[in-house]
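So for the sequence shown, full-length UniProt numbering puts the first residue at 1; every next one is plus one. Have a look at the structure below before the remarks.
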Amino acid sequence: MTDVEITELEKKDVFTFRPLRLEDADTLYAWMHQKHIAPFWQLDLPMEPFKEWVESSITAEHKDCYLVDWNGEPAGYLIAYRAADDPVHHYYDHREGDLGMHVLVGPEKYLNKQAGRQLLQSMIQFLFFTYETERIIGEPDIRNRIILPIMKGLGGEVLHRVHLPHKRAALIAGEKQTVEQVRNKRDIHVSFQTKEGKEALHGKNG
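Structure below.
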C-alpha cells in the first residue's frame, strides 16, 4: 500500500489516502464515539481495547485500511477487502474481482449532501485507481440515511436488502463504467499522484 493523492481539479480540493497507522488511534477513537458513527460501527470502546482493534486492523491480511485527509485535515476512514474472501459474497451473485468497501465520514461537518458526495466520490475513485476491479460492493446499514443516498447518486445500484449477522444492510454495487459516466456528466475532473510519482488524469476522456 502507498500514499495516493486525488485532486479534484475544478475545486482544487486534495484528498490524500494513506495506510492506517497506530498513531491514528486517537482520531479514530474520537470518531467512533460520535453519535452519527457509534450506532453503525459499534466500536465506542475504552481506549486500550480500541487500540488493540486498530493494531489488529493494521496487521490484518484480509483487508486494507486507510485514513483519508481532505486538504490536510483527517476526514474519513476507508476499508477495502476482497469480496470473495468475505461472508458478504454469500448474499449476492458475486464476480471474481469484486472489491468490498466500508466507509466512515469522520467530522460531522461533512455530513451533508455536497461534502459527503465529494468525500465518497474520492474514496470510490481511489479504489478504482488502486485496485484491479470493475465493481465495488458496499453494505451500508439501511438506517443510514446519509451514506446510502450518496452512494446511489454516485452511480451505485441497490441489489437488495440483506440480513447480515450484525445489521440489516442495503447491498449496493458500483460498476466502474457507470460510476465514470456519472462523474463525467457532472464534468468532474480528477488527477492522481502516488508517493512514487505515478500520475494519471481522469476526466471526459479518461
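Note that CB positions come from ideal geometry on N, CA and C, so glycine has one too.
How would you call residue i, buried or exposed, if buried means at least 16 neighbouring beta carbons within 10 angstroms?
i: residue 216; result: The chain is shown from 1 up to 206; residue 216 falls before or after that span and cannot be answered.
i: E139; result: buried
i: G72; result: exposed
i: G206; result: Note that G206 scores a pLDDT of 42, beneath 50, so its modelled location is shaky and nothing firm can be said.
i: Q177; result: exposed
i: A30; result: exposed
To the nearest angstrom, how far is it from the Cα of residue i to the Cα of residue j?
i: K113; j: I147; result: 9 Å
i: R95; j: R82; result: 11 Å
i: E180; j: E8; result: 14 Å
i: K195; j: G97; result: 25 Å
i: A115; j: V105; result: 10 Å
i: F50; j: A38; result: 13 Å
i: A80; j: S56; result: 15 Å
i: E157; j: E52; result: 35 Å
i: A75; j: D141; result: 20 Å
i: R117; j: I137; result: 17 Å
i: D44; j: T27; result: 13 Å
Would you mind working out which of the options sits nearest residue i, comparing C-alpha positions?
i: A25; options: H36, E10, P46, E5; result: P46
i: R21; options: D98, D3, T7; result: D3
i: D64; options: Y77, G72, E73, R143; result: Y77
i: W41; options: R143, S191, E55; result: R143
i: residue 220; options: I137, L111, H33; result: With the chain covering only 1 through 206, there is no way to say anything about residue 220.
i: G155; options: K167, G100, G174; result: G174
i: residue 207; options: G100, H33, H89; result: In the structure as shown, the chain starts at 1 and stops at 206, and residue 207 therefore has no counterpart that could be examined.
i: I172; options: H36, G100, H90, V54; result: G100
If I'm right that residue i touches residue j with Cβ under 8 Å, what's the distance once you round it to whole angstroms?
i: Q192; j: I6; result: Reading off the sequence, residue 192 comes out as Phe, not Gln. With 8 Å as the limit, F192 and I6 qualify as a contact, their Cβ atoms being about 6 Å apart.
Contact between the segment 49-60 and the segment 180-196 (3+ Cβ pairs under 8 Å): no
Cβ contact check for the segment 14-28 and the segment 68-85: 3 or more pairs under 8 Å: Counting C-beta pairs with one atom in each stretch, the segment 14-28 and the segment 68-85 have three or more that are closer than 8 Å, which means they touch.
At least 3 beta-carbon pairs within less than 8 Å: the segment 157-169 vs the segment 127-134: no
Three CB pairs or more closer than 8 Å across the segment 136-155 and the segment 106-125: Taking a cut-off of 8 Å on C-beta distances, the segment 136-155 touches the segment 106-125, as three or more cross pairs fall below it.
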